[in-house]
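Heads up: the protein sequence lines correspond to chains Y and L, in order. Start counting the first sequence at 110; every next residue gets the next number (this note's numbering). Start counting the second sequence at 110; every next residue gets the next number (this note's numbering). Shown next, in structure tokens, is the structure this report addresses.
Number of protein chains: 2
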Amino acid sequence: MLTKTKLLFLLAGVLIALAASRQALYPQTATAQTQSSGPAYTSAGDFKLPENYRQWVYLTTGFDMSYNTAMSMGHHMFDNVFVDPASYKAFVETGTWPDKTTLVLEARGAEGKGSINQKGNFQSEVMAIEVHVKDEARFPGKWAFFGVDDGKTGKMFPVGAECYKCHAAHAAVDTTFVQFYPTLLPIAKSKGTLSAAYQQESAASAKK
Amino acid sequence: MLTKTKLLFLLAGVLIALAASRQALYPQTATAQTQSSGPAYTSAGDFKLPENYRQWVYLTTGFDMSYNTAMSMGHHMFDNVFVDPASYKAFVETGTWPDKTTLVLEARGAEGKGSINQKGNFQSEVMAIEVHVKDEARFPGKWAFFGVDDGKTGKMFPVGAECYKCHAAHAAVDTTFVQFYPTLLPIAKSKGTLSAAYQQESAASAKK
Numbered sequence: 110m111l112t113k114t115k116l117l118f119l120l121a122g123v124l125i126a127l128a129a130s131r132q133a134l135y136p137q138t139a140t141a142q143t144q145s146s147g148p149a150y151t152s153a154g155d156f157k158l159p160e161n162y163r164q165w166v167y168l169t170t171g172f173d174m175s176y177n178t179a180m181s182m183g184h185h186m187f188d189n190v191f192v193d194p195a196s197y198k199a200f201v202e203t204g205t206w207p208d209k210t211t212l213v214l215e216a217r218g219a220e221g222k223g224s225i226n227q228k229g230n231f232q233s234e235v236m237a238i239e240v241h242v243k244d245e246a247r248f249p250g251k252w253a254f255f256g257v258d259d260g261k262t263g264k265m266f267p268v269g270a271e272c273y274k275c276h277a278a279h280a281a282v283d284t285t286f287v288q289f290y291p292t293l294l295p296i297a298k299s300k301g302t303l304s305a306a307y308q309q310e311s312a313a314s315a316k317k
Numbered sequence: 110m111l112t113k114t115k116l117l118f119l120l121a122g123v124l125i126a127l128a129a130s131r132q133a134l135y136p137q138t139a140t141a142q143t144q145s146s147g148p149a150y151t152s153a154g155d156f157k158l159p160e161n162y163r164q165w166v167y168l169t170t171g172f173d174m175s176y177n178t179a180m181s182m183g184h185h186m187f188d189n190v191f192v193d194p195a196s197y198k199a200f201v202e203t204g205t206w207p208d209k210t211t212l213v214l215e216a217r218g219a220e221g222k223g224s225i226n227q228k229g230n231f232q233s234e235v236m237a238i239e240v241h242v243k244d245e246a247r248f249p250g251k252w253a254f255f256g257v258d259d260g261k262t263g264k265m266f267p268v269g270a271e272c273y274k275c276h277a278a279h280a281a282v283d284t285t286f287v288q289f290y291p292t293l294l295p296i297a298k299s300k301g302t303l304s305a306a307y308q309q310e311s312a313a314s315a316k317k
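Written as structure tokens, this is what we have:
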């Protein structure tokens, strides 16, 4: 007979197992866990770079692009872009970024000849990391940029910095350069989320 | 008092909850779920490209590298490399690849001027996809290469093809070019899994 006591024990078992399974399963889903908690900051307001950002969703890589601020030092550079998995999923569904979106731009040096490679370039050390975070309640302009110099935490760029103006004026979707993310641009087009400024620029450049 | 019956109900609760939580949690971990099933083939033996390979773990991007076979057409090219998440995790732990490892090389065209970019290159359409699969029971040499022309399935390159010889002779770890994967090379070094051929090449080139 299913007495009240037996039911209580059944319930206790369910709760114990749920708690245990969360601990047991989450290590397999480190990316999902990290992104669902959203961006984190130090008490001084610096951004804490998630250790596993390279296991987030990859968006693209540029080579010697002029918008890379670490570019003027006379050597070739790559920049790889990653986004937290939950925000990627939301973009695929909606064509734009949800609150708490975190984009990491990782600049790496470019090596030339090396091993069997005789031309072109492959990637070497990290030279700079910049982060673009959407945190609507925290930042007056909804988004903020951070420069992560030590690979761990990053200071926020002041709101008057050039990066804010350039992203606001030219970015294809919600201050982000989706025009350079080849898998996301078609989604933004089909969802109708391209910025007016970007659409005008595109139309003007198509007429040339 | 904790009777045998109560213990049984406790156990039943644990089992019910575990079963339920597996169903509830796994949809969040689509990449882990997909890769754990390993490589899949058509009845004709062609490789089936997983739809979500771009959500696997990103390894690196090359620019105009000479080992890219699609390179000789007079325009710039990127190649992005992804690996299934379970094999990435195994590599981080062991410094080498487990059975069922699947590496996807995605070659993309490189655009120059476009939007606000005035120099350097950003990525455009997929130009070619090549896959390197470790399937020990299936391939005499343990690994095989496939060319995916239609974005869905790929024919295996014949065992005598140049790619097999070059990878066997020069690759840093288990026929894979870990020397070009900046986050994995230090792991292979510390785990002592670098191939003898690669170590000799490195030593010879360091003496020059």
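We treat Cβ as the ideally placed atom computed from N, Cα and C, and that holds for glycine.
- Residues of the same chain with a CB within less than 8 Å of the CB of A281/Y, apart from the 5 flanking positions on each side, are V287, Q288, L294, A297, L303, S304, Y307 in chain order.
- Remark: C-beta atoms of G171/Y and G223/L do not approach each other more closely than 8 Å.
- A buried status is given to G263/L, since no fewer than 16 other beta-carbon atoms sit within 10 Å of its beta-carbon.
- Straight-line spacing of the CA atoms in L212/L and Y197/L works out to 10 Å.
- Using a CB distance cut-off of 8 Å, K316/L does not count as an interface residue toward chain Y.
- In the pairwise beta carbon analysis, the stretch 202-220 of chain L is classified as touching the stretch 232-243 of chain L: at least three pairs are separated by under 8 Å.
- Using a CB distance below 8 Å, the part of the stretch 278-307 of chain Y facing chain L consists of H279, A281, F286, Q288, F289, P291, T292, Y307, ordered along the chain.
- Every beta strand (DSSP E) stretch that sits fully inside the stretch 194-251 of chain Y and reaches 3 residues is listed by chain position as 211-220, 231-243.
- Under the criterion of beta carbons closer than 8 Å, V166/L and F191/L qualify as touching, at roughly 7 Å.
- Pairing G250/Y with V268/Y gives a Cβ-Cβ distance under 8 Å.
- Secondary-structure assignment with DSSP links D188/Y through a beta bridge to G171/Y, A216/Y.
- In this structure, Q232/L lies away from T203/Y, with their beta-carbon atoms at least 8 Å apart.
- Residue-level contact by beta carbon holds for T170/L and chain Y, with a gap shorter than 8 Å.
- Chain L has a Cβ within less than 8 Å of the Cβ of G229/Y.
- Taking 8 Å as the upper bound on Cβ-Cβ separation, chain L lies near residues R217, A219, G223, S224, I225, N226, Q227, K228, G229, N230 of the stretch 206-230 of chain Y.
- Under the 8 Å criterion on CB atoms, D259/L is classed as non-interfacial with respect to chain Y.
- Counting the other CB atoms within 10 Å of its CB gives D258/Y a total below 16, which places it among the exposed residues.
- Relative to W252/Y, the option among R217/Y, P207/Y, V235/Y whose CA is nearest is P207/Y.
- Taking the Cβ atoms as the reference, F254/Y lies roughly 7 Å from Y273/Y, within the contact range of under 8 Å.
- According to DSSP, T285/Y shares a beta bridge with V282/Y.
- Taking C-beta atoms under 8 Å as the contact rule, K300/Y and L158/Y fail to qualify, at a distance of about 30 Å.
- At least one CB atom of chain Y sits nearer than 8 Å to the CB of Q232/L.
- Here DSSP, grouped into helix, strand and coil, assigns A149/Y to coil.
- M265/L is the residue among M265/L, N189/L, A219/L whose C-alpha sits nearest the C-alpha of Y150/L.
- E220/Y counts as buried, since at least 16 other C-beta atoms from the protein chains shown sit within 10 angstroms of its C-beta.
- By the CB criterion at 8 Å, N226/L and M174/Y fall inside the cutoff.
- For the C-beta of F187/L, the chain Y residues within less than 8 Å are, from N- to C-terminus, T170, F172.
- A306/L has no beta-bridge partner at all, per DSSP.
- No Cβ-Cβ contact shorter than 8 Å links E234/L with P148/Y.
- Close to R247/L, with beta-carbon spacing below 8 Å, lies no residue of chain Y; the smallest spacing is near 26 Å.
- Per DSSP, K261/Y lies in no beta strand (DSSP E) segment and is marked neither H nor E.
- Any Cβ of chain Y closer than 8 Å to the Cβ of V201/L would place that residue at the interface, and such an atom is absent.
- Taking 8 Å as the threshold, the shortest C-beta distance from Y273/Y to chain L does not fall below it.
- Under the three-state reduction of DSSP output, A253/L falls in the strand class.
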